[in-house]
Amino acid sequence: MEVVRRLYSLKLPFRRVHAAIFSPSRPYSTAASPQTLYPSTDDQTLFCILQSCKLPSSIRTAATVHSKILKQGYEMCPSLLSSLIKAYGACNKPKHAHQLLTEICSWSSNVNSANVLIDGFVKNGEIDTAKKVFNALPTRDVVTWNLIIGGYIRSRLFVEAICMFKEMLGTNIEPDGYTFASVVTACSQLGALNHGKYVHGLMMEKRIELNYILSSALVDLYSRCGRIETAKSIFDTADKTDVSIWNSMINGLAMHGLAADAISVFSAMKGENITPDPVTFIGIITACSHCGLVQQGCKYFDLMKKDFSIQPQLEHYGAMVDLFGRAGLLEEANTIISEMPMEPDVVVWRTLLSACRTHKNSALGEFAVGKMKHLSSGDYVLLSNIYCSAKEWDNAETVRYTMNKKRVHKSIGKSWVELHGAIHHFKAGDRSHPDTEPIYRVLEALSHRSRMEGYVPAPDLVLMDISEEEKEENLNYHSEKLALAFSILKSSPGTEISISKNLRTCLDCHCWIKIVSKVLHRVITVRDRIRFHRFEMGSCSCGDYW
69 MEVVRRLYSL KLPFRRVHAA IFSPSRPYST AASPQTLYPS TDDQTLFCIL QSCKLPSSIR
129 TAATVHSKIL KQGYEMCPSL LSSLIKAYGA CNKPKHAHQL LTEICSWSSN VNSANVLIDG
189 FVKNGEIDTA KKVFNALPTR DVVTWNLIIG GYIRSRLFVE AICMFKEMLG TNIEPDGYTF
249 ASVVTACSQL GALNHGKYVH GLMMEKRIEL NYILSSALVD LYSRCGRIET AKSIFDTADK
309 TDVSIWNSMI NGLAMHGLAA DAISVFSAMK GENITPDPVT FIGIITACSH CGLVQQGCKY
369 FDLMKKDFSI QPQLEHYGAM VDLFGRAGLL EEANTIISEM PMEPDVVVWR TLLSACRTHK
429 NSALGEFAVG KMKHLSSGDY VLLSNIYCSA KEWDNAETVR YTMNKKRVHK SIGKSWVELH
489 GAIHHFKAGD RSHPDTEPIY RVLEALSHRS RMEGYVPAPD LVLMDISEEE KEENLNYHSE
549 KLALAFSILK SSPGTEISIS KNLRTCLDCH CWIKIVSKVL HRVITVRDRI RFHRFEMGSC
609 SCGDYW
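So for the sequence shown, the working numbering puts the first residue at 69; every next one is plus one.
In C-alpha cells:
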C-alpha cells in the first residue's frame with residue numbers, strides 16, 4: 069500500500085498509477101495481479117465485487133478492480149465507474165474518488181464518448197456524476213443537453229430540468245423535438261402552467277413539428293394543469309394515428325372525473341380504427357372509477373379480454389380494485405384480488421387499504437396490512453386513520469408505537485403553486501416562507517369567514533387522541549391551506565388559483581376549499597395524487613367522490 073500511496077502522491081493519471089501498481093514485472097511480492105484475483109472477469113462480476121467494497125480495508129480490492137476495468141476496456145462502462153467512485157469513497161479515499169472523476173471528465177473530451185458516459189450515469193441513477201461530466205465538457209451538442217435534461221426528469225428533479233432548459237436557450241444549441249417533449253413533461257409533473265405555456269409558445273415560434281409524441285405531451289400538460297379545454301383543443305387538431313395521443317386524452321379526462329367524455333373518446337378511437345392497448349383500458353377503467361360507474365368499468369374490463377384479446381395485467385386488476393373500493397364494494401374488491409392470476413403487489417393491497425379507510429372497515433384493513441410484506445409510512449397512517457375514525461385509540465396507539473419502533477416517519481404532505489415565474493413550496497405548519505406572517509394572517513381571516521359560512525372542522529381526521537381544540541389547530545395549517553392563503557395574498561382578486569399536492573387531499577381541506585371558493589367568488593383548482601379538483605361557488609368537480 070505504500071507503493072500505492074506514493075504513486076497517488078505523484079498525481080499521475082489513474083491509467084499510469086494502476087499500470088504501475090499491477091505491472092507483472094513490478095517487484096512487489098505482496099501484490100497479486102487482477103488476472104490472478106479475478107481471472108476472466110466480466111463487468112457484472114466486477115460490479116458485484118465493487119459493491120462489496122464498503123470498508124477502508126477494501127482499498128486494495130477496489131484498486132485491483134480499477135486496474136482490471138482499464139485492462140479489459142471497461143473504462144467507458146458508467147455503472148462500473150460509478151461503483152468505483154463509491155468504493156473509493158467507502159474506503160475513506162475521497163481524493164482517489166475525486167481524481168477518478170477528474171480523469172473520467174478528461175476522457176470525455178470527445179462529445180460522442182461523453183454522451184455515452186452521461187447516458188450511462190443517468191440510467192444508473194447517478195445524475196450528480198452525469199452533471200459533473202456535463203460541466204467538464206468543452207463542447208456539447210443537442211444530444212448532450214437532451215441527456216442531462218432527461219436525466220433530471222428521470223430523477224424526478226423537474227425544477228432542475230427546467231433550469232437546464234433555460235440554460236440551454238442561452239447557448240447556440242437549438243432545442244429539438246426531444247428537448248421540448250422532455251421539458252413539457254417536467255412542466256406537467258410540476259403543474260407549472262405558465263412555464264408550460266411559455267415552452268409551448270417557443271415550440272410554435274421555432275416551428276417545431278407537432279408529432280404524436282409532442283402532442284401527447286401537450287395534452288398531458290394542459291390536463292395536469294387544469295386546462296382540460298385547451299387539452300381537448302390540442303387533441304382535436306393533432307395527428308391521431310398513434311394510440312398514445314388517444315391515451316393521453318382519455319387519461320386527462322379521467323383525471324378530471326369526466327368519465328362520459330372519456331368514454332366518448334374511446335368510442336371515437338374505435339371509429340378511427342385505432343386499436344386500444346393496455347394503457348387505454350387502464351385510463352378508461354380509471355375514468356369509470358373516479359365517477360362511480362362500476363358497471364361500465366366492469367364492461368370495459370371484459371371488453372379488453374373478449375374483443376381485443378388483451379390479458380389483464382397487474383395494473384388493470386389494481387384499477388378494478390379501486391373501482392369497487394371507491395364505490396364501497398369492499399368484498400367485491402377483495403374477491404378481485406383473490407382471483408387474480410398473479411401475485412398482488414403492495415400497490416393493490418394499498419388500494420384496498422385506502423378504500424377500507426374511506427369506508428371505515430377496520431377488519432378488512434387489518435387483513436390488507438397483513439398481506440403487505442413491506443409497509444410504507446403511508447400504509448401505517450392509513451391503518452391508524454381507520455382506527456381513529458372508529459375511535460379505537462388503543463389500536464391507533466399500537467400503530468404509532470410500531471412506527472416509532474421501526475423508525476418509520478410519516479410522509480410529509482407538500483403543496484406548491486406557480487406564481488410570477490417561480491414555484492413556491494409549502495408543508496403543514498410551514499413557517500419557512502419569507503411571507504409567513506401575512507400568509508398566516510390571510511389564513512386566519514379565511515378560517516373565520518369559512519366558519520361564518522358553515523364550515524365545521526373534521527377533527528376525526530387527526531391521528532391523535534387529543535382534545536377537539538388541538539385537533540382543529542392541526543387541521544388549520546395543512547399545506548394546501550397555506551398554499552391557498554399565499555395565492556390569495558399574491559394574486560389579483562377574481563383570478564383562478566391552481567395548487568398541486570403530492571398526497572391525497574384530506575376531507576377537511578376539501579370541504580374548507582369548497583366554502584372558500586364560494587366566499588371569495590374564485591375558481592380554485594387542486595391537483596392531488598389521485599385526481600383533479602375544480603372548486604367553484606361552493607362545489608367541486610369531483611362531486612365529493614374521490
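Glycine is no exception: its CB is placed at the ideal position from the N, C-alpha and C atoms.
Nothing here was measured: the structure is a model prediction, and the numbers come from that model.
DSSP beta-bridge partners of residue i
i, result
"V485", "H492"
"S566", "T593"
"E604", "S607"
Residue i to residue j span [Cα, whole Å]
i, j, result
"Q257", "E564", "19 Å"
"S560", "L487", "11 Å"
"I350", "P412", "16 Å"
"V485", "M408", "40 Å"
"I491", "A260", "8 Å"
"D370", "S406", "18 Å"
"E540", "Y523", "Bear in mind that the predicted position of E540 carries a pLDDT of just 45, short of 50, making it unreliable; the figure below should be weighed with that in mind. Each residue's alpha carbon lies about 12 Å from the other."
"Q167", "G489", "39 Å"
"V584", "Y508", "15 Å"
"S430", "E383", "25 Å"
"K274", "F376", "41 Å"
"R295", "S316", "14 Å"
"H477", "G446", "9 Å"
"G402", "T197", "Checking the sequence, you will find Asn at residue 402 rather than Gly. Taking the straight line from one Cα to the other gives about 45 Å."
"G497", "L152", "42 Å"
"L575", "N192", "40 Å"
"D304", "H263", "23 Å"
"S566", "A551", "9 Å"
Nonlocal neighbours in the same chain, by C-beta distance under 6 Å from residue i, ignoring five residues either side
i, result
"D345", "V311"
"D596", "K569, R572, T573"
"V133", "L114, I117, L118"
"L421", "G433, A436, L450"
"K122", "A158"
"S91", "A caution first: S91 carries a pLDDT of 40, below 50, which makes its placement in the model unreliable, though a value can still be read off. If we look at S91 and ignore the five residues flanking it on each side, it has no Cβ neighbours."
"I378", "P346, M372"
"I195", "G219, S223"
"L618", "The chain is shown from 69 up to 614; residue 618 falls before or after that span and cannot be answered."
"Y613", "G360"
"S547", "G481, K482, S483, F494, K495, A496"
Outcome for residue i when other beta-carbon atoms lying within 10 angstroms are tallied against a minimum of 16
i, result
"R602", "buried"
"G438", "exposed"
"A513", "exposed"
"T593", "buried"
"R292", "buried"
"G188", "buried"
"Y96", "Interpretation of Y96 is limited by its pLDDT of 27, a score under 50 that renders its predicted location unreliable; the figure taken from the coordinates is listed afterwards. Result: exposed."
"L398", "buried"
"I480", "exposed"
"H442", "exposed"
"T247", "buried"
"G611", "exposed"
"Q381", "exposed"
Distance CB(residue i)-CB(residue j) smaller than 8 Å
i, j, result
"W417", "M440", "yes"
"G386", "S609", "no"
"V210", "E235", "no"
"F202", "I216", "yes"
"T354", "A322", "yes"
"K482", "K495", "yes"
"E297", "G245", "no"
"K161", "I127", "yes"
"G396", "H358", "no"
"I313", "Y280", "yes"
"G562", "R599", "no"
"T419", "Y448", "no"
"V179", "T212", "yes"
"I352", "I318", "yes"
"S332", "D307", "no"
Residues near residue i by beta carbon distance below 8 Å, same chain, minus five either side
i, result
"H268", "V252, L286, L289"
"M502", "Looking at the sequence shown, residue 502 is not Met but Pro. For P502, where only same-chain residues beyond five positions count, there are no Cβ hits under 8 Å."
"G606", "K582, I583, S585, K586"
"V362", "C356, L391, F392, A395, L397"
Spatial neighbours of residue i in its chain, beta-carbon cut-off 7 Å, leaving aside the 5 residues before and after
i, result
"V510", "A553, I556, L557"
"I18", "Any answer about residue 18 is impossible in this case: the structure gives the chain only from 69 up to 614."
"V587", "R517, S518, E521"
"V415", "G386"
"Y545", "A496, G497"
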